[in-house]
Amino acid sequence: MIFLNCKSDFSLDSILTLDEITSISKRAVGVNFGNSSSGVVNFYKLAKKKNIKPIFVFEKQLGNTLMLLIPTNFNKYSEIINNNLDNVVNDEEIIKIIMNDEIIKGEQVFYHSSVEGKHEKEVFTPYIKYLNKEDKKTYLAYTSAIKGKICKDKNDYHLTQENVSKKAIENMEKIVSMVNISFPEIENYSIQNDESILEQKLLSADNEKDINRELKVINDKKLCSYFLAVSDIVNLAKSLDIMVGPGRGSATSSYVAYSLGITAFNPLKYNLMFERFLNRKRASLPDIDIDVEHNKRGKLIENIKKKYNAWEISAYSKFTLKSAQIALSRVVKDIKSIEEFSPKISNLICNKIKHPVGIIISNNITKIATVNDGIIDLDLEEIEELKGIKIDILPLKTLTLLKMLLEITNTNLAELELNNSKAYKIINSLDTQNIFQLESITARDIIKHIKPNSIEDLARVLAINRPAALQNIEDICSKNSIVYQEQLIELLTKKGINIEDSEMIIRALRKGRNDDLEKIPIDKSDLNLIMKFKDYSFPKSHAIAYAYLTYYMAYFKANFKKEFNLVTSFESKMLEPDINWSDKGYSVKNNLLVKGLKSVMVEGLAEQIIREREKGPFLGIKDIETRLKLTAEEKILVKKYFSLIKESQKLFSKSYNFGILIDVSKLSNEEKVELKEKLINAKGSEIPVLINNNSQIDKLSFKIAYQNITLLPQNIIAFVPIY
1 MIFLNCKSDF
11 SLDSILTLDE
21 ITSISKRAVG
31 VNFGNSSSGV
41 VNFYKLAKKK
51 NIKPIFVFEK
61 QLGNTLMLLI
71 PTNFNKYSEI
81 INNNLDNVVN
91 DEEIIKIIMN
101 DEIIKGEQVF
111 YHSSVEGKHE
121 KEVFTPYIKY
131 LNKEDKKTYL
141 AYTSAIKGKI
151 CKDKNDYHLT
161 QENVSKKAIE
171 NMEKIVSMVN
181 ISFPEIENYS
191 IQNDESILEQ
201 KLLSADNEKD
211 INRELKVIND
221 KKLCSYFLAV
231 SDIVNLAKSL
241 DIMVGPGRGS
251 ATSSYVAYSL
261 GITAFNPLKY
271 NLMFERFLNR
281 KRASLPDIDI
291 DVEHNKRGKL
301 IENIKKKYNA
311 WEISAYSKFT
321 LKSAQIALSR
331 VVKDIKSIEE
341 FSPKISNLIC
351 NKIKHPVGII
361 ISNNITKIAT
371 VNDGIIDLDL
381 EEIEELKGIK
391 IDILPLKTLT
401 LLKMLLEITN
411 TNLAELELNN
421 SKAYKIINSL
431 DTQNIFQLES
441 ITARDIIKHI
451 KPNSIEDLAR
461 VLAINRPAAL
471 QNIEDICSKN
481 SIVYQEQLIE
491 LLTKKGINIE
501 DSEMIIRALR
511 KGRNDDLEKI
521 PIDKSDLNLI
531 MKFKDYSFPK
541 SHAIAYAYLT
551 YYMAYFKANF
561 KKEFNLVTSF
571 ESKMLEPDIN
581 WSDKGYSVKN
591 NLLVKGLKSV
601 MVEGLAEQII
611 REREKGPFLG
621 IKDIETRLKL
631 TAEEKILVKK
641 YFSLIKESQK
651 LFSKSYNFGI
661 LIDVSKLSNE
671 EKVELKEKLI
681 NAKGSEIPVL
691 INNNSQIDKL
701 SFKIAYQNIT
711 LLPQNIIAFV
721 PIY
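Per the working numbering, the very first residue in the sequence shown carries number 1; after that it's consecutive.
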C-alpha cells in the first residue's frame, strides 16, 4: 500500500526521519511539508536513491475546507510553494484531497475517508507521524521537548492499513501515476559573455602561463560568473568601508583569485597548489570564503541582497543525547522517563536556524524552495545536490581590531613590512596575548620549537596547532615532517599518481569516503604512508592566509603597544560617533576609542563635517544644517545620529567626561546670552562646565565633572555639551 500523508521531523511534529519514510514503500511515498519546503530536496534525493517515486504534499486551508495539495509536475509545485493559486480547485494538474467533511466541486478532487464506500473518489490519507502504535509516547515526549510544555493528543498517527477499501487503494494508485516531478539544477549566478569578461579583467595580470592554466579549468567548470560575483562582492565590501581578510581556505592558491583582488597575496610566492582548490576531476564544486569585519557582516549581506538575487541558507539542528535530556527535564520531572526517551529522540531535528555564514545567488531558487525573512528553505546538503554554489561570508573579529589599529596609527596595510624584527621578537618571547591564533598554551609550546621568523614559519605554527598534530609535537615540528595536505599530494605525484587523482585521494581520506578511494589504483604501502599523516595534514593555503593576520597583530603589538592594548580591550570603552569629536575613522581621544564618522555615513560627508568643524564646534542640529550643504537624505542621517543631544551627553559627558570645548572669548554678546540660556534650561542635569579657571556661570548648580582640566587648551574657557 502507498502512504501519501507522512510527516517528517522537518515539521517538528513527527518522529519519522526522511530515511525512515522512504523505506516504508518500495514504489512511492508521500511527505506532507505543510506550507514550507523544508526538507523537499533531501526527500527527493533519498527517494531517487532508493528508486521510489517521491510525492510532494502541501496543506491549504480554503475557507472551511482543509485540503492536501499534490502537484503533478514541477511547474505546479513551484506555483504551490509560491502561493500562486488563483483557481486551485479547478486546476487539473494539482490533486486535491479534502481532509474534513466538506464537499467541493472541481477537477482532480479526492476525499480522505476511513469508512469504506463513503465516496467514489475516496482515498486513505491519515497523518502518519510514527511507525508503530507503541511509538506514541516517544512522539509525545518529542513534541513536549520541542514546545517546552506537556503535549497530549488523543489521536493516533501510526502506520496502519486497517479498513482500507479497495476503491481507496485504486484511487491512491491513480494519484501516484499522475505525479512526475524532477527538480532542475540551481541556476547559479550567471553573466552573459562571462568568459570574455573574466579574461578582459585579467589582461593586465602578470604570469600569463598560470592565468591561462587556471582559466582553462575555470571555464570547463563553468565558474567564470562565480569568480566575477565573488570579486564584485569583495569590491562591494571595500566600497562600504568593510575590511576584507587576505583570504581563506584553498581559494588562496588561485592566481586568478589573487589577480581579481579576491585574495591579497600572490600564491606563487609560497608555491601554493591550485589543484588543491580546483581541478578537472574534482566532482564537487568549490566555494570561496570571505572574511569580513565581525560587526559589519550584516551590512554587507543586506547590500548583497539589494544588488543580487541572493538569499541566506537554512540549517537544521538536531537533538543530541545531552540536549534531549535538558529539553525533557524542563517539562518532565520523572527521571526514568527522561532516561527512557532522551536516546529515542536524539538525532531528530529540533530547530530550524539560519546558516551562520552561507549565502547563495540564484535566479531560479525561489521556484524550488520557499523563502522566509530572506532565508531560503534549503540547507547546504540540498544546495549541493542541485549543483548550487554558496558563498560563505564569515565574521572575523580580528579584522575589526586590525581596521581600528590601521586607522588609529595611520598605517597603510599595503606598505606594512613583513619582516619586522620587533614583531617576531614579541612572538618568540611568548608575549602572545591578543595575537591572532597564538594565545593558547599549545601555540606557545609550538613557537618554542619552530622559532618563527617569517610568514612561512608562522603558517607552520598555525597548521600544527591542532589536536591530532599535538599528540606528536616534537616530531611534527621538525623541518622534514609532513604538515600540509599539499605535501601529501606531492608525495603521491612522485609515486606516479597524477595530481588530480592525488587531490581526490586526500579529499576522500579527509572526509572518510572510502568508495572514492576504490576508483583510484594505489599501492597499499602508499596508502599506509598517507594514512599516517592524514590526521595531521592541514591546507597550506589557509595556513599562509591566516599567518598574515597573525603577523599583522604581532606587528601592532610590538610597534604600537599603547594603541594595541586600547583596541584589544575596546568593547568596554568604545564611544559612539560624535560630530564634534570623531575623526573620519577610528581615533583615540583622552585614552578612549571613538568610532569614526564614516562608520555611520559616506566618506564624503564625513570629510565635509571635519573641514567645517575646524571653524568651530557644531552647537546643535540647526547649526549643522546651516553650516553644511546637506541633501535630504543626509539631513535624515545627521539627525538620526547627532540630534539626540541628551543621549550624546549621557554617552560622552557623564560616562566618559566628554563635552564640547567652546572658546567663549570668541563669542558675541548675543551668543554668550544664548549659551547661558541653554545652560540654565538644562534643568539641573549633571553637565561639566568650566568657565574662567574653574569658576561656574552664575545661577548654575552644575557639577564640574571634567577631571583632566590640565588637558584643556589655554584659550578654551567653556566645556559644555550641545543642546
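Note that CB positions come from ideal geometry on N, CA and C, so glycine has one too.
For this session: Could you tell me how far apart the beta carbons of residue 65 and residue 180 are, in whole angstroms, since I believe they sit closer than 8 Å?
Result: Not really, about 27 Å apart at Cβ, beyond 8 Å.
Exercise. Could you give the distance in angstroms between the alpha-carbon of residue 110 and the alpha-carbon of residue 104?
Worked result: 10 Å
Problem set entry | Bridge partners - residue 65, DSSP secondary structure assignment | 62
Exercise. Of the choices 444, 368, 562, 607, whose alpha-carbon is the least far from that of residue 38?
Worked result: 368
Exercise. For residue 460, which of 402, 543, 410 has the nearest alpha-carbon?
Worked result: 543
Problem set entry | Nonlocal neighbours in the same chain, by C-beta distance under 8 Å from residue 387, ignoring five residues either side | The residues are 185, 186, 188, 285.
Exercise. Smallest Cα separation from residue 282: which of 613, 506, 310?
Worked result: 506
For this session: Determine the DSSP secondary structure at residue 182, reduced to helix, strand or coil.
Result: Coil, per DSSP.
Problem set entry | Three-state class that DSSP yields for residue 593 in the structure shown | strand
Exercise. Is the beta carbon of residue 809 less than 8 Å from the beta carbon of residue 4?
Worked result: This structure leaves residue 809 out entirely; the chain is present only between 1 and 723.
Exercise. Mapping DSSP to helix, strand and coil, what is residue 93?
Worked result: Residue state, collapsed to three classes: coil.
Exercise. Residue 194 lies in the alpha helix (DSSP H); which residues open and close that run?
Worked result: Residue 194 -> alpha helix (DSSP H) spans 194-201.
Exercise. Should residue 433 and residue 550 be called a contact, given that it needs their Cβ atoms to be closer than 8 Å?
Worked result: no
Problem set entry | Strand pairing of residue 316, partner residues [DSSP] | Residue pairing by DSSP puts residue 316 in a beta bridge opposite 352.
Exercise. Terminal residues of the continuous alpha helix (DSSP H) containing residue 212?
Worked result: The continuous alpha helix (DSSP H) containing residue 212 extends over residues 208-220.
Exercise. How many Å lie between residue 382 and residue 360 at the Cα?
Worked result: 12 Å
Problem set entry | Three CB pairs or more closer than 8 Å across the region 269-276 and the region 220-234 | Fewer than three pairs of CB atoms, one per stretch, sit closer than 8 Å, so the region 269-276 makes no contact with the region 220-234.
Problem set entry | Boundaries (first-last residue) of the alpha helix (DSSP H) holding residue 561 | 561-568
Exercise. Which residue or residues does DSSP assign as beta-bridge partners of residue 449?
Worked result: None; residue 449 has no bridge partner.
For this session: Using three-state DSSP, classify residue 57 as helix, strand or coil.
Result: When secondary structure is reduced to three states using DSSP, residue 57 falls in the strand class.
For this session: Indicate whether the contact test is met: 3 or more Cβ pairs, each with one atom in the region 545-562 and one in the region 416-434, closer than 8 Å.
Result: yes
Exercise. What residue from 75, 563, 169 has the CA that sits closest to residue 410's CA?
Worked result: 563
Exercise. Going by alpha carbons, who is nearest to residue 345 out of 140, 46, 611?
Worked result: In this structure, 140 is the residue among 140, 46, 611 with its C-alpha nearest to the C-alpha of residue 345.
Problem set entry | C-alpha distance - residue 593 paired with residue 70, whole-angstrom precision | 60 Å
For this session: Can you grab the Cα-Cα spacing for the pair residue 596 / residue 587, in whole Å?
Result: 7 Å
For this session: Within 10 angstroms of the Cβ of residue 465, are there 16 or more other Cβ atoms? Answer buried if so, exposed if not.
Result: It counts as buried.
Exercise. Count the other CB atoms within 10 Å of the CB of residue 239; is the residue buried (16 or more) or exposed (fewer)?
Worked result: Looking at its Cβ environment, which holds fewer than 16 other Cβ atoms inside 10 Å, residue 239 is exposed.
Exercise. What are the complete alpha helix (DSSP H) segments, minimum 4 residues, inside the region 247-328?
Worked result: Counting only unbroken stretches of 4 or more residues, the alpha helix (DSSP H) elements lying wholly within the region 247-328 are 255-259, 274-277, 297-307, in sequence order.
Exercise. At what residues does the beta strand (DSSP E) containing residue 341 begin and finish?
Worked result: First-last for residue 341: 335-345, but that is the alpha helix (DSSP H), not the beta strand (DSSP E).
For this session: Return helix, strand or coil for residue 157, following the three-state DSSP convention.
Result: coil
Exercise. How many angstroms separate the CA atom of residue 312 from the CA atom of residue 376?
Worked result: When rounded, the distance between both Cα atoms is 6 Å.
For this session: Would you mind reading off the limits of the beta strand (DSSP E) that contains residue 29?
Result: 28-32
Exercise. What residue does the beta strand (DSSP E) around residue 393 start on, and which one ends it?
Worked result: 390-396
Problem set entry | Cβ distance (whole Å) where residue 358 is taken to contact residue 378 below 8 Å | Not really, about 10 Å apart at Cβ, beyond 8 Å.
Exercise. Whole-angstrom Cβ separation of residue 276 and residue 541, contact assumed at under 8 Å?
Worked result: 7 Å
Exercise. Taking all protein chains shown into account, do 16 or more other C-beta atoms lie within 10 angstroms of the C-beta of residue 322, making it buried, or fewer, making it exposed?
Worked result: exposed
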